[in-house]
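Q:
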Amino acid sequence: MEVDGPVLGTELHLALRGALREVPHFPISGILFKDISLMLARPAALADAVSAIEPVVAPLGAEAVLAIDARGFILGSALSDRLRSGLVLVRKPGKLPGEVQSFDYTCEYCSSRLEVTAGLIQSGLKCLVVDDLLATGGTARATANFVISQGATVVGYAFMLEIEALKGREQLDDAPVVSLLRV
2 MEVDGPVLGT ELHLALRGAL REVPHFPISG ILFKDISLML ARPAALADAV
52 SAIEPVVAPL GAEAVLAIDA RGFILGSALS DRLRSGLVLV RKPGKLPGEV
102 QSFDYTCEYC SSRLEVTAGL IQSGLKCLVV DDLLATGGTA RATANFVISQ
152 GATVVGYAFM LEIEALKGRE QLDDAPVVSL LRV
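Okay, so the sequence shown: first residue is 2 according to this note's numbering, each after it adds one.
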């Protein structure tokens, strides 16, 4: 499942794609970073993105949006508001107070851990995993595996941008994947 050009309208699609910036060798040598900052700086860009994604993910019935640190918080909080669902922050270590649950992840340039406030993911909870970018799918897959380990369900994934060549979508074959832009 994808949200792309025709759903956005040609003018909006071209504006968002044109505002995507590529930064070579960031955060490490050999990575071509896709920066959504300029895209989001466009007036009403976030509202337009959420307006395009929300009708596609709303029927999935998510009770919680799991927003992945840190740019995933942007789309995740806006979608959570629009869907009237809970918002769960998936953070880098040491950023959440109190008791946390941790899990490991591997992405295109590193391996590390992520944390969620303990007890927020309950058995039976329907979750939408949200991030700014889908690359290899490692971070979203690890988040989904954590959700499943808690007895909850992943009903879908949503991203602002998907880098098709890295085939991250293949890692997320257990639920619909919605991408605003695919490059």
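Every residue, glycine too, gets a C-beta built ideally from N, C-alpha and C. Computed from a prediction, not measured in an experiment: that's the story for all the values here.
Counting only C-beta atoms, is G31 closer than 7 Å to chain E at any point?
A: Among the chains of the structure shown, chain E does not appear; only one protein chain is present.
Q: From L84 to G152, what distance separates their C-alpha atoms?
A: Using only the alpha carbons, I get a separation of about 22 Å.
Q: Between G157 and L135, which are expected to be in contact by the criterion C-beta below 8 Å, what is the C-beta distance as a whole number of angstroms?
A: No, G157 and L135 are not in contact; Cβ-Cβ is about 12 Å, not under 8 Å.
Q: Closest to V101 by C-alpha separation, out of T107, L115, C108, would be which residue?
A: Here the closest residue by C-alpha is L115.
Q: Have a look at the DSSP bridge pairing and note the partners of G73.
A: In DSSP, G73 forms no bridge with anything.
Q: Excluding sequence positions up to five away, which residues of its chain have a Cβ less than 6 Å from the Cβ of A20?
A: The answer, listed in chain order, is L39, M40, R43.
Q: Applying the criterion that 16 or more other CB atoms from any shown protein chain within 10 Å of the CB defines a buried residue, is E163 buried or exposed?
A: That one is buried.
Q: When you compare the CB positions of V1 and A65, do they come within less than 7 Å of one another, or not?
A: In the structure displayed, the chain extends from 2 to 184; residue 1 sits before or after that span and is not available.
Q: Is it right to say T144 is buried, meaning 16 or more other beta carbons lie within 10 angstroms of its own, or is it exposed?
A: Classification for T144: buried.
Q: Per DSSP, what are the beta-bridge partners of F160 in this structure?
A: In DSSP, F160 forms a bridge with D132, S180.
Q: Kindly indicate which three-state DSSP category R142 falls into: helix, strand or coil?
A: Three-state DSSP puts R142 in a helix.
Q: Pick helix, strand or coil for G19, following the three-state DSSP scheme.
A: In the structure shown, G19 sits in a helix (DSSP, three-state: H, G or I).
Q: Excluding five sequence neighbours on each side, which residues of the same chain lie with their C-beta closer than 7 Å to the C-beta of R18?
A: L182, listed in sequence order.
Q: Who are T118's beta bridge partners in DSSP?
A: DSSP, once it has assigned bridges, lists V101 as partnering T118.
Q: Alpha carbons only, please: which of I37, G31, G87, A166 is nearest the one belonging to L129?
A: Closest option to L129, Cα to Cα, is G87.
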